Structure formats: structure tokens, C-alpha cells
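What follows is a single structure, written as C-alpha cells, with notes after it.
There are 2 protein chains.
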Amino acid sequence: MTQSGRRPDEGERYRAILETAARLICERGYEGTSMQEIAAACRMTKAGLYHHIQNKEQLLFAIMNYGMDVFEEQVLAHVQDVADPLERLRGCMRHNIHLVTRGCSKEVIIILHEHATLTGEPREFIDRRKKRYVRFLEEAFAEATRQGLIRPVDPTVAAFSFLGMILWVYKWFKPDGRLTDDQIADGMVDLLLPGLFAQASAPAPDSGVAPLRVVPRTATGDAS
Amino acid sequence: MTQSGRRPDEGERYRAILETAARLICERGYEGTSMQEIAAACRMTKAGLYHHIQNKEQLLFAIMNYGMDVFEEQVLAHVQDVADPLERLRGCMRHNIHLVTRGCSKEVIIILHEHATLTGEPREFIDRRKKRYVRFLEEAFAEATRQGLIRPVDPTVAAFSFLGMILWVYKWFKPDGRLTDDQIADGMVDLLLPGLFAQASAPAPDSGVAPLRVVPRTATGDAS
DNA sequence: GGTAGGTTACCGACCGGTAGGTAGCACTGG
DNA sequence: CCAGTGCTACCTACCGGTCGGTAACCTACC
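The structure is reproduced here in C-alpha cells:
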């Protein structure tokens with residue numbers, strides 16, 4: 000046992016700081032959280048904290064990037080290779096809602112809430128990462144339309160509606176409320192997707208296949 | 000009309016302060032805006048400003064209440080007497096999206112963004128006003144279900160999905176983007192409501208309901 | 001093995017600046 | 001006169017950030 004127990008291994012220590020800071024910023028907002036408080040929560044002095052980070056803005060940037068990593072790992076990675084575009088959307092909805100409701104990643108909530116706090120290049124960098132997800136969703140809707148799985152919709156409006164539904168959840172969800180996150184996810188899938196299936200007379204735009212597979216309605220259960 | 004020219008008439012002056020403060024707070028966030036800046040924007044000193052308000056928190060509370068007044072006047076008042084629940088929802092969507100996209104009421108945006116900034120009794124008071132709207136939407140969905148206009152859905156999930164779709168808009172909408180607010184409103188109405196029409200049982204329920212023309216695809220909008 | 005040199009992680013004290021808020025005086029119109 | 005309104009001047013507390021210094025460890029070389 001030379002030094003395995005000791006030595007927090009730099010990167011690990013840094014990530015612990017990010018997570019602690021994220022917890023506070025998530026609770027009190029970026030501008031509402033002082034570096035003093037963050038340092039204290041890390042059981043350090045402010046000067047000690049500044050040994051690890053450059054400044055407050057860069058700290059927020061690092062938190063957001065970490066949050067995007069978590070998102071890509073916990074949502075995108077599970078769905079990006081799914082062939083069926085509708086199944087892809089269903090997976091996104093479920094995993095993304097879980098990411099927001101189970102409070103395991105405060106960083107993600109910060110990305111959602113502090114959408115206009117960063118400026119300049121860091122802001123653009125995060126926006127570019129977000130935009131990739133929007134494009135991914137747009138493409139799923141467009142693909143589903145091309146395959147005649149759903150009636151034609153504007154992919155951009157569809158993508159942002161999709162996002163609004165599931166991300167707004169962070170503003171009202173209470174873990175001890177009457178609705179569980181699974182009920183919300185099922186309810187939202189049931190609300191949006193079945194309504195998009197190419198309806199009776201709607202002719203498939205470019206023929207191809209129009210199997211019109213109706214996905215079983217997952218019981219919405221009691222409203223509770 | 001005794002002295003309409005001079006004398007800003009108290010209440011009017013106060014409201015001007017609320018609107019100026021709202022503009023700043025909307026741009027920079029509540030914690031990110033100093034009383035100094037607000038006073039300067041009102042062409043006053045800080046002490047002069049404090050003659051009209053009690054403190055910063057009460058100012059935010061007043062702004063939010065004013066925003067709720069505007070909302071009720073510009074959205075609720077137009078729809079609350081509509082008999083058909085689906086028409087009611089359509090009206091909500093259209094008016095509410097306009098309220099968010101046309102930047103005429105910064106107060107409303109502040110209500111959306113600073114959802115957790117207030118605490119204690121003021122927070123609960125605003126939350127109660129918000130909740131009334133949620134109940135109003137839930138009731139519209141429940142009524143539409145009872146009348147067999149739409150297939151059964153969980154009213155709570157439906158109401159919050161509805162809200163998420165239209166309120167999330169404030170985070171990504173750009174007035175000079177490719178999508179106009181009308182296109183977004185039409186697109187979202189088309190996305191959510193037609194898919195709810197009772198497909199299995201009820202016969203075509205659209206008595207007075209328009210065919211709901213699909214919005215033309217407008218290439219891509221811009222993300223946030 | 002001992003020690004010199006370098007590095008990492010952290011601290012106490014402090015910087016200039018600004019936060020929210022207030023006391024007291026001066027101007028104004030009625 | 002006086003109530004309403006706004007000002008100058010000022011308070012204390014705290015902001016983000018930096019300074020010089022140091023305890024503890026790692027490595028290298030003799």
C-alpha cells in the first residue's frame with residue numbers, strides 16, 4: 000500500500016469539485032452562488048479552490064460540458080444506433096426524462112436553466128453541442144416522415160415541441176408527487192407519437208412502405 | 000382629464016418602473032441585475048428608486064404579479080368563455096405563444112425563467128396563480144375526453160406537455176429566425192391536437208373544427 | 001539511505017469594486 | 001405650508017480574484 004489509498008488523482012478531485020459546485024449552482028442559480036460558498040462546500044478556502052479552476056465562468060463552462068457528456072452517455076448512446084426512427088424518439092423521451100427527474104446530474108439541469116448565462120465563445124461551444132441534439136431529433140422526425148410512418152410535420156417544430164415537453168419537466172416535477180417519472184414518460188410518448196401515425200386517408204408521401212404499425216398504447220394508468 | 004399631461008399619476012410611474020426593471024432583469028437575470036442598473040435605466044438614483052419600492056425581492060414579486068395580470072388579460076380572457084374545450088386549447092396555444100414570442104411583456108418571461116427565485120409566501124402566491132392555469136388546462140383536456148372529442152389521456156401530463164411545448168419557446172425562439180411565431184403556433188396545434196381525436200370510437204368530432212391545414216415545411220430553424 | 005529540488009494542494013490575508021439599503025436634505029407644485 | 005419626490009452621501013457586507021507562503025509528498029542523485 001504505497002499510495003493507492005491517498006492521492007485523489009487530480010482528475011477525480013476536479014470532477015468532485017464540479018459536482019459539488021453543480022449542486023450549489025443548481026439550487027441557488029449561477030449568479031446567486033458565491034465562490035466562497037462553493038469553496039466551503041468543497042471544504043476548502045476560496046484560494047484553494049482557485050488552485051483548481053481559472054475563474055467562475057470557466058467553472059460554469061466546465062460544468063456544462065460535463066453535463067453534456069453525461070447526457071450523451073445516458074441518452075444519446077442508448078438510441079443513436081436504433082434503426083426505427085420512432086423507436087429512437089421513444090428511447091430519447093424515456094431516457095431524457097429520467098435524466099431530468101432523477102436528480103443524479105445537476106449539471107444537466109444547469110444546462111437547461113442557465114441557457115443564456117455564458118457568453119462569447121464558451122456559449123457558442125455549448126450551443127453547438129445542444130444543436131447537434133436538435134438536429135438528431137429533426138432527422139428522426141424527417142426520417143419517419145420519409146418512411147411514411149407518420150403524417151408530414153415540420154421537423155423543427157416537432158423537435159422543439161418534443162424538447163419542450165420533456166425538458167420543461169425540470170420546472171415542475173416533484174419526486175414525491177403523484178406522478179412518477181415513468182408515468183410521465185409513458186404519458187408523453189402516448190400523447191405525441193400515436194397522434195403522428197399516418198392517419199386513415201393520409202397517403203404516404205413517397206409510397207415506399209407504410210406498414211402503419213400501431214404501437215400498443217402503454218396504459219396511462221391512473222391520473223393520480 | 001384634469002391633469003393628464005403632467006403628473007405621471009403614481010400608479011403609472013410605478014408601472015413604468017416595473018416595466019423598465021423587467022426589461023433589465025429579463026436580459027441579465029434577477030441576481031445578475033443590480034439595483035444601481037435598474038435605477039439608472041429609470042433615470043434615477045438608487046435612493047430615488049427606493050422611494051417607490053420596498054426592496055429588490057418585492058420588486059420581483061410585483062413584476063411577476065404584473066406579468067400574471069398581463070397573461071390573464073391577453074390569454075385567459077380570450078378563451079375562458081369558449082364552449083368547445085378543443086377550441087379553448089387552440090386559443091390558449093396561439094395567444095400564449097404570441098405572448099412569449101412578441102417581446103411585449105418581459106414580465107412573463109421573468110415568470111417563466113425565475114421560477115425558483117422567490118421564496119416563502121410571495122413564491123407560494125405566484126405559484127397559486129400559475130396553478131390556476133394548469134387546472135384550467137387540465138379541465139379542458141378532461142372535458143374534451145368526457146365529451147368523447149379526444150381519446151382518453153392523463154389530463155395532468157397533457158396539461159404540462161402542452162405548457163412545456165409552448166413555454167419552452169422562450170429559450171430558443173429568435174424573432175429573425177426562419178420560423179415565425181404564427182408558424183410555430185400552427186405547427187404545435189397541428190402536432191398535438193389532431194393526434195388526440197378519438198380514433199377508435201367516436202365519429203369525426205370536428206363539427207366546427209377546421210381541417211387543420213398542415214404548415215408547409217420551412218427548412219430549418221435555428222437552435223438555441 | 002539521505003537529502004536536495006521540484007511539484008501539488010492548499011491557506012490566511014488582502015485587493016479594488018460593488019452589492020443592497022438608508023439618513024437627511026432640497027426642490028417642486030398645489 | 002407641506003406632502004411627494006428625488007438627490008447626495010454614506011453604510012456594511014460581500015463579491016470575484018490574487019498574493020506570498022507552506023506542509024506534504026515525489027523523484028533523482030550521491
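Protein chains in written order, with numbering that gives the first Met the number 0: chain W, 0 to 223; chain A, 0 to 223. We put the CB at the ideal spot given by N, CA and C, even for glycine. Being a predicted model, the structure only gives us computed values, none of them experimental.
Identify whether residue i lies in helix, strand or coil by the three-state DSSP scheme.
i: Cys-149 (chain W); result: The sequence given here places Ile at residue 149 (chain W); Cys does not occur at that position. In this structure, Ile-149 (chain W) counts as strand in the three-state DSSP scheme.
i: Pro-202 (chain A); result: Residue confidence is low: Pro-202 (chain A) scores 40 on pLDDT, short of 50, so the model does not pin down where it sits. Its coordinate-derived value is still stated next. Coil at Pro-202 (chain A), not helix or strand.
i: Phe-196 (chain W); result: strand
i: Trp-167 (chain W); result: coil
i: Asp-175 (chain W); result: coil
i: Met-187 (chain A); result: helix
i: His-51 (chain A); result: coil
i: Asp-80 (chain W); result: coil
i: Met-28 (chain W); result: According to the sequence displayed, residue 28 (chain W) carries Gly and not Met. Reduced to three states, the DSSP call for Gly-28 (chain W) is coil.
i: Arg-42 (chain W); result: coil
i: Ser-33 (chain A); result: coil
i: Met-0 (chain W); result: Per-residue confidence for Met-0 (chain W) stands at a pLDDT of 34, beneath the threshold of 50, marking its modelled position as unreliable; no derived number is given.
Would residue i count as contacting chain W if we go by Cβ distances under 8 Å?
i: Val-168 (chain A); result: yes
i: Met-164 (chain A); result: yes
i: Phe-124 (chain A); result: no
i: His-97 (chain A); result: no
i: Leu-75 (chain A); result: no
i: Pro-305 (chain A); result: Missing from the structure shown is residue 305 (chain A); chain A here goes from 0 to 223 and no further.
i: His-50 (chain A); result: no
i: Leu-195 (chain A); result: yes
i: Glu-18 (chain A); result: no
i: Asp-181 (chain A); result: no
With a threshold of 6 Å on Cβ separation, who are the neighbours of residue i within its own chain once the five nearest residues in sequence on each side are excluded?
i: Val-78 (chain A); result: Arg-87, Gly-90, Cys-91
i: Trp-169 (chain W); result: The question names Trp, but residue 169 (chain W) is Tyr in the sequence shown. Excluding residues within five positions, the ones whose Cβ falls inside 6 Å are Val-99, Ile-108, Leu-111.
i: Val-188 (chain W); result: Arg-89, Met-92
i: Ala-201 (chain A); result: Any reading at Ala-201 (chain A) must be qualified, since the residue scores a pLDDT of 41, below 50, and its modelled position is unreliable; the value itself is stated next. So the list reads Gly-147, once near-sequence residues are dropped.
i: Glu-113 (chain W); result: Tyr-29
Do residue j and residue i come within 8 Å of each other at the CB atom, strictly closer than that value?
i: Ile-109 (chain W); j: Ile-62 (chain W); result: yes
i: Val-156 (chain A); j: Gly-186 (chain W); result: yes
i: Ala-20 (chain A); j: Ile-37 (chain A); result: yes
i: Ala-141 (chain W); j: Pro-121 (chain W); result: no
i: Phe-161 (chain A); j: Leu-136 (chain A); result: yes
i: Tyr-13 (chain A); j: His-51 (chain A); result: yes
i: Tyr-29 (chain A); j: Leu-59 (chain A); result: yes
i: Val-152 (chain W); j: Leu-195 (chain W); result: yes
i: Asp-180 (chain A); j: Arg-101 (chain A); result: yes
i: Trp-167 (chain W); j: Trp-167 (chain A); result: yes
i: Met-34 (chain A); j: Leu-17 (chain A); result: no
i: Met-164 (chain A); j: Leu-192 (chain A); result: no
Within 8 Å of any Cβ in chain A, is that where the Cβ of residue i sits?
i: Glu-30 (chain W); result: yes
i: Gln-2 (chain W); result: Model confidence at Gln-2 (chain W) stands at a pLDDT of 32, short of 50, so the residue's coordinates are unreliable and nothing is read from them.
i: Ala-143 (chain W); result: no
i: Asp-114 (chain W); result: The sequence shown places His at residue 114 (chain W), not Asp. Cβ-Cβ to chain A under 8 Å: yes for His-114 (chain W).
i: Phe-159 (chain W); result: yes
i: Val-188 (chain W); result: no
i: Thr-155 (chain W); result: yes
i: Val-81 (chain W); result: no
i: Val-152 (chain W); result: yes
i: Leu-178 (chain W); result: yes
Quick one: what's got a C-beta closer than 8 Å to residue i's C-beta in the same chain, skipping five residues either side?
i: Thr-44 (chain A); result: Ala-38
i: Leu-117 (chain A); result: Glu-56, Leu-59, Phe-60, Met-63, Ile-125
i: Ile-183 (chain W); result: Ile-96, Thr-100, Val-168, Phe-172
Could you name the residues of the same chain whose beta carbon sits closer than 7 Å to that of residue i, not counting the 5 residues immediately before and after it, in chain order?
i: Ser-104 (chain W); result: Gly-66, Val-69, Leu-98
i: Arg-143 (chain A); result: Per the sequence presented here, residue 143 (chain A) reads as Ala, with Arg not at that position. These residues qualify, in order along the chain: Pro-84, Leu-85, Ile-149.
i: Ala-139 (chain W); result: Pro-84, Arg-87, Leu-88
i: Gln-73 (chain W); result: His-94, Leu-98
i: Ala-40 (chain W); result: Thr-19, Leu-23
i: Ala-158 (chain W); result: Val-133, Leu-136, Glu-137, Phe-140
i: Glu-11 (chain W); result: none
i: Thr-32 (chain A); result: Leu-23, Ile-24
i: Arg-27 (chain W); result: none
i: Val-81 (chain W); result: Arg-87, Gly-90
- Task: Give, in chain order, every unbroken run of the alpha helix (DSSP H) that is at least 4 residues long and sits entirely within the segment 93 to 148 of chain W.
- Result: 105 to 112, 119 to 145
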